[in-house]
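Our numbering applies: residue 40 is where the sequence shown begins, and numbers increase by one. Notes follow the structure.
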Amino acid sequence: IEKFVERFRYKATKARQVQSRIKALDKLARIETPQRAELVQRYSFPPPQRSARTVVEVRDADVGYDDGPAILRDVELVVERGQKLAVIGPNGAGKSTLLKLLVGELKPMTGTSEIGANVDVAHFQQHQVDALDLTKTVLQEFQSAARPTQPKGRNLRSVLGSFGFTGDAVDRRVGDLSGGERTRLALAMCLVDPVNLLILDEPTNHLDLPSCDVLEDALTAYPGTVLLVSHDRHLIRSVADDLLEVRDGTVTLHNGVDEAVLSPSFRGGSVGPSGSPKQASSSSTTKPAGARPSEQKAALKREQAESRQKQHSNVKELRKQLQQSERAMAKAEALVAELNTQLSDPTVYSDPERATSLATAFGEAKDASSRAMDKWMAATEAVERAN
Numbered sequence: 040i041e042k043f044v045e046r047f048r049y050k051a052t053k054a055r056q057v058q059s060r061i062k063a064l065d066k067l068a069r070i071e072t073p074q075r076a077e078l079v080q081r082y083s084f085p086p087p088q089r090s091a092r093t094v095v096e097v098r099d100a101d102v103g104y105d106d107g108p109a110i111l112r113d114v115e116l117v118v119e120r121g122q123k124l125a126v127i128g129p130n131g132a133g134k135s136t137l138l139k140l141l142v143g144e145l146k147p148m149t150g151t152s153e154i155g156a157n158v159d160v161a162h163f164q165q166h167q168v169d170a171l172d173l174t175k176t177v178l179q180e181f182q183s184a185a186r187p188t189q190p191k192g193r194n195l196r197s198v199l200g201s202f203g204f205t206g207d208a209v210d211r212r213v214g215d216l217s218g219g220e221r222t223r224l225a226l227a228m229c230l231v232d233p234v235n236l237l238i239l240d241e242p243t244n245h246l247d248l249p250s251c252d253v254l255e256d257a258l259t260a261y262p263g264t265v266l267l268v269s270h271d272r273h274l275i276r277s278v279a280d281d282l283l284e285v286r287d288g289t290v291t292l293h294n295g296v297d298e299a300v301l302s303p304s305f306r307g308g309s310v311g312p313s314g315s316p317k318q319a320s321s322s323s324t325t326k327p328a329g330a331r332p333s334e335q336k337a338a339l340k341r342e343q344a345e346s347r348q349k350q351h352s353n354v355k356e357l358r359k360q361l362q363q364s365e366r367a368m369a370k371a372e373a374l375v376a377e378l379n380t381q382l383s384d385p386t387v388y389s390d391p392e393r394a395t396s397l398a399t400a401f402g403e404a405k406d407a408s409s410r411a412m413d414k415w416m417a418a419t420e421a422v423e424r425a426n
């Protein structure tokens, strides 16, 4: 919103939109984003042993189950120490199969897959939430996952506090926790011991928004290598360095977090098929040889009139597109606000399926809102250029 206001503050044609956004900003509570150093101090992750530079290396591997056909083919991948990779792709593409290959749970049908020296793995999966002992307190269950010899001066209550279990919350029975709280506890148990390779398979399922923030901060502070399977694009943008795309039986590494890869439906705002406003094609009137000056003048007037008419039609069409894009943007912003209100209701998280569905819809709505604003800005600029 601030970028929009700064860009269009002094444009008279956008005064109304700028003022409405300034009013919206005044109503927002400012939240300071913690720096990584603060997060590292808050979570107090013990430094893991230093792994080899190559954490996992896969060469020319076909991957599948038993005697069935290969799910992934010709996999070539090197995961390096400290890298944070988001594994993305459609459901059923083979993301979980790839993770099993990388941690050694699944042998390749052909080729090789090797884990580097001194690599300690922690693998978070949803079944770990179901495996929690519901009769224990949060603190007792957490202590059962921690090594007997913890680093000197490390307080497990403080570690639980960084994951949102503060004060008397550590004495609650696990069976009394919500689905999101149990997932958060399972994540804390996964991270309590020093490991240098963390693999997370859909960790945001059943997490409420505050818990997603906790997970994001924890992964930012985590000192090791991360392989993250998630449909949460906000989490991926915040945590991942690179994208590992699993699609159509192939695995492709993309450097950086490319929005076109992360959201295949993403399109930059544009007007017209070429990404720029359609320009009226120039036309020329052929003058008959030896035409008299009066005839030449009449032909020139006709040509100018035709040009003005085409320009008028072009501007009219661009204004129509601008109005449509403005309505689409307002509709998209309203949907984001409505879903955000629903997700802020604690009772939503008593129904995990509904919570997951709302969280997915919220992420898609935010992306759609961003695309709608891009298109509106492109349409606005096209109208200004055409006038």
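Virtual Cβ for every residue (Gly too), placed ideally from N, Cα, C. Every value quoted in this text rests on a predicted model; they were computed, and no experiment measured them.
C-alpha of I238 to C-alpha of S217: approximately 24 Å in a straight line. Check the Cα spacing between Y104 and each of L137, S201 and R89: the tightest is with L137. Per DSSP, the continuous alpha helix (DSSP H) segment holding H273 begins and ends at R272 to V278.
Around the Cβ of A394, a 10 Å sphere holds 16 or more other Cβ atoms; the residue is buried. Here R46 carries a helix assignment [DSSP, helix/strand/coil]. Here S396 is exposed. Its C-beta has fewer than 16 other C-beta atoms within 10 Å. In terms of Cα proximity to V265, the closest of L254, T149, R112 and A279 is A279. Runs of the beta strand (DSSP E) spanning 3 or more residues and lying entirely within the region 212–260 occur at 236–240, in chain order. Per DSSP, reduced to three states, the secondary structure at V290 is strand. Below 8 Å, too few C-beta pairs join the region 158–171 and the region 281–295 to call them touching: fewer than three.
Beta bridge pairing from DSSP links I154 with V95. Inter-residue distance for V94 and V253 is about 26 Å (C-alpha atoms, whole angstroms).
In the DSSP assignment, V209 falls outside any beta strand (DSSP E) and carries neither an H nor an E. Rounded to whole angstroms, the Cβ separation of L111 and G133 is 5 Å, and the two are in contact under 8 Å.
Taking the Cα of T174 as reference, the smallest distance to any Cα among R221, Q164 and G200 is reached at R221.
If you keep only unbroken alpha helix (DSSP H) runs of at least 4 residues inside the region 120–173, you get 134–141 and 166–169. Annotation: Q167 to E96 spans about 27 Å, alpha carbon to alpha carbon. The residue among D106, S277, N235 and V231 with its C-alpha nearest the C-alpha of C251 is S277.
Residue environment for A407: buried (at least 16 other C-beta atoms within 10 angstroms of its C-beta). Judged by beta-carbon spacing, K355 lies beyond the 8 Å limit of V375, meaning their Cβ atoms are not closer than that value. Taking 8 Å as the cut-off, the beta carbon of R286 is found no closer than this to the beta carbon of G131. If you ignore the 5 residues before and after M368, its C-beta comes within less than 6 Å of the C-beta of A411, M412 and W415, all in its own chain and listed in chain order.
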